[in-house]
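Note sheet for the following structure.
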Amino acid sequence: MTATNARRVLLAAPRGYCAGVDRAVIAVEKALEQYGAPVYVRHEIVHNKYVVQTLEKKGAIFVEDTAEVPEGSIVMFSAHGVAPIVHEEAAQRKLATIDATCPLVTKVHKEVVRFAKEDFDILLIGHEGHEEVIGTTGEAPDRITLVDGPDDVAKVEVRDPSKIVWLSQTTLSVDETMETVDKLKEKFPQLVSPPSDDICYATQNRQIAVKQMGADADLVIVVGSQNSSNSKRLVEVALGAGARDAHLVDFADEIDEAWLEGVTTVGVTSGASVPEVLVEGVLEWLAARGYEDVEIVKAAEESITFSLPKELRRDLRAEAASLNER
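Plus 32 on top of the position in the sequence shown (first one is 1) and you've got my numbering.
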């Protein structure tokens, strides 16, 4: 094999855990350490199959609804955020709560509350049914219209075209979101933009890294789960950047060897809820098939960290018992 057709891997940086995911996963682990099992978690703490399975083995119990949590227990809300009504339901069921909502999602919630108070119509760009969108919409359901991509713009109606603002889900494709915004601005020239980007820094950085390597990659493998919005967007971004093929896998054993036919360069990245051990598994799988040369494609440095939820500094078991006695 000559140098010109040597097999290689382009490894995106940054990739994997963002600060919000890291905070949420550590929060579950700390809660289990401090209070013992079980700790209930409403919805998957983050959208990753391996992470959820690992935490289940440690004693976390994932539920779809607060009603499934026994009274007097501890329940944690996932990184995607919840609507105010969920906090009310937890209080009614006398549950001690830990809010692991990503601070960047909380920022969008606060923007919704502010603009709703100022009587704006809010156009929320996001994917219907996604947990983050459900939580954000719950802050002001009578003021929010969901816009699920550019094709949705035609049917958007507002009360007053001079009092509308767009906000977005934090894990979207930057390019598609701006395409949607451009179409909205054509229709509503007075559309107000959020005070700062709603799409999170980590989502943007991971997309930039994939764009940088996409044109040079015959195949891009994105490590992430099917219900992870930001992971699915990375597949779309890779194809849009010129990659010949791109696939989303949870684990290395999901890679189809047929994908490697005629491939000399494989791009590898992972979504913001993916632990590095899963990427290492993919790199080992590729190395065993001759893709041993790994080059880093670096788009940005990330140094952001978030402090753990304040509730972890309290005795929640005692709080739960106290609530149950009332």
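C-beta: ideal position from N, C-alpha, C; glycine also.
In this text, all values refer to a predicted model and were calculated from it rather than measured experimentally.
Rounded Cβ spacing between residue i and residue j (contact assumed at less than 8 Å)
i      : j      : result
Ala331 : Asn237 : 6 Å
Thr301 : Arg47  : 5 Å
Ala51  : Ala241 : At roughly 17 Å, the Cβ-Cβ gap does not stay under 8 Å, so Ala51 and Ala241 are not in contact.
Ile77  : Leu64  : Their Cβ separation, rounded to whole angstroms, is 12 Å, which puts Ile77 and Leu64 out of contact at 8 Å.
Gly294 : Ala270 : Their Cβ separation, rounded to whole angstroms, is 17 Å, which puts Gly294 and Ala270 out of contact at 8 Å.
Asp277 : Ser257 : That pair is no contact at about 20 Å.
Arg265 : Leu204 : 6 Å
Asn80  : Val306 : 6 Å
Val84  : Thr98  : Actually they do not touch by this definition, with Cβ atoms about 18 Å apart.
Heavy atom of the ligand ZN within 7 Å of residue i beta-carbon
i      : result
Gln222 : The model on display carries no ligand, and the ligand ZN is accordingly not part of it.
Contacting residues, own chain, Cβ-Cβ under 6 Å from residue i (five flanking each side not counted)
i      : result
Tyr323 : Arg39, Val41, Val298
Phe220 : Pro193, Ile196
Asp288 : none
Ile371 : Because the chain in this structure spans residues 33 to 358, residue 371 falls outside the shown range and cannot be described.
Proximity to residue i [Cα-Cα], best of the options
i      : options                        : result
Thr202 : His112, Glu293, Val306, Pro341 : His112
Asp153 : Thr168, Val197, Lys215         : Val197
Leu280 : Thr98, Val314, Thr129          : Val314
Ala350 : Asp229, Thr129, Val255, Ile253 : Thr129
Ala234 : Ser110, Thr98, Ser335          : Ser335
Gly272 : Gly256, Leu251, Asp282         : Leu251
Ala132 : Val57, Arg321, Val165, Trp291  : Val57
Gly91  : Ala284, Arg346, Leu43, Val107  : Val107
Ser261 : Asp97, Gln239, Ala275          : Gln239
Ser110 : Gln124, Pro307, Ile93          : Ile93
Arg321 : Leu292, Arg346, Asp183         : Leu292
Glu120 : Val95, Gly170, Ala284          : Gly170
Lys142 : Asp230, Thr337, Ala284, Glu289 : Asp230
Gly161 : Asp214, Asn259, Pro227         : Asn259
Asp183 : Asp174, Met210, Arg191         : Met210
Pro341 : Glu333, Cys134, Val190         : Cys134
Tyr49  : Asp214, Ser263, Asp325         : Ser263
Glu312 : Ile253, Asp347, Ala290, Arg346 : Ile253
Pair within 8 Å by beta-carbon distance, residue i and residue j
i      : j      : result
Val101 : Tyr72  : yes
Cys232 : Leu136 : yes
Ala172 : Ala148 : yes
Val255 : Gly303 : yes
Val140 : Thr168 : yes
His75  : Glu163 : yes
Glu316 : Ala284 : yes
Leu344 : Ala69  : no
CB contact check: residue i to chain C, cutoff 8 Å
i      : result
His162 : Among the protein chains of the structure shown there is no chain C, as only one such chain exists.
Residue i - partner residues in DSSP beta bridges
i      : result
Val255 : Val281, Ser302
Arg40  : Thr297, Asp325
Arg74  : Val95, Phe109
Val224 : Val197
Ala45  : Lys330
Asp153 : Ile196
Ala128 : Ile106
Thr177 : Leu155
Own chain partners of residue i with C-beta closer than 8 Å, once the 5 adjacent residues on each side are dropped
i      : result
Lys217 : Leu223
Val14  : The displayed coordinates of the chain run from 33 to 358. Any statement about residue 14 would go beyond what the structure contains.
Val165 : Leu156, Gly158, His159, Leu178, Gln201
Ala35  : Residue confidence is low: Ala35 scores 45 on pLDDT, short of 50, so the model does not pin down where it sits. Its coordinate-derived value is still stated next. Once the five neighbours on either side are set aside, Ala35 has no close Cβ partner at all.
Glu327 : Arg40, Val41, Leu42, Leu43
Glu61  : Leu87, Lys90
Thr296 : Asn37, Ala38, Arg39, Arg40, Asp250
Pro227 : Glu143
Val329 : Leu42, Leu43, Ala44, Ala45, Ala241, Gln244, Met245, Gly299
Val206 : Ile231, Thr235, Gln236, Gln239
Glu96  : Arg74, His75
Arg346 : none
Asp325 : Ala38, Arg39, Arg40, Val41
Close-in-space but distant-in-sequence residues of the same chain around residue i (CB under 7 Å, 5 per side omitted)
i      : result
Ser225 : Trp198
Met33  : For Met33, the predicted structure reports a pLDDT of 38, less than 50, and the residue's modelled location is therefore unreliable. A value from the coordinates is still provided. Closer than 7 Å at Cβ, skipping near neighbours: no residue.
Gly274 : Gly246, Ala247
Val53  : Val78, Ala111, Ala304, Ser305
Lys243 : Val269, Ala273
Ala373 : No answer is possible for residue 373: it lies beyond the span of the chain, which begins at 33 and ends at 358.
Phe338 : Ala51, Gly52, Arg55, Pro135
Tyr82  : Asp282, Pro307, Leu310
Arg191 : Asp153
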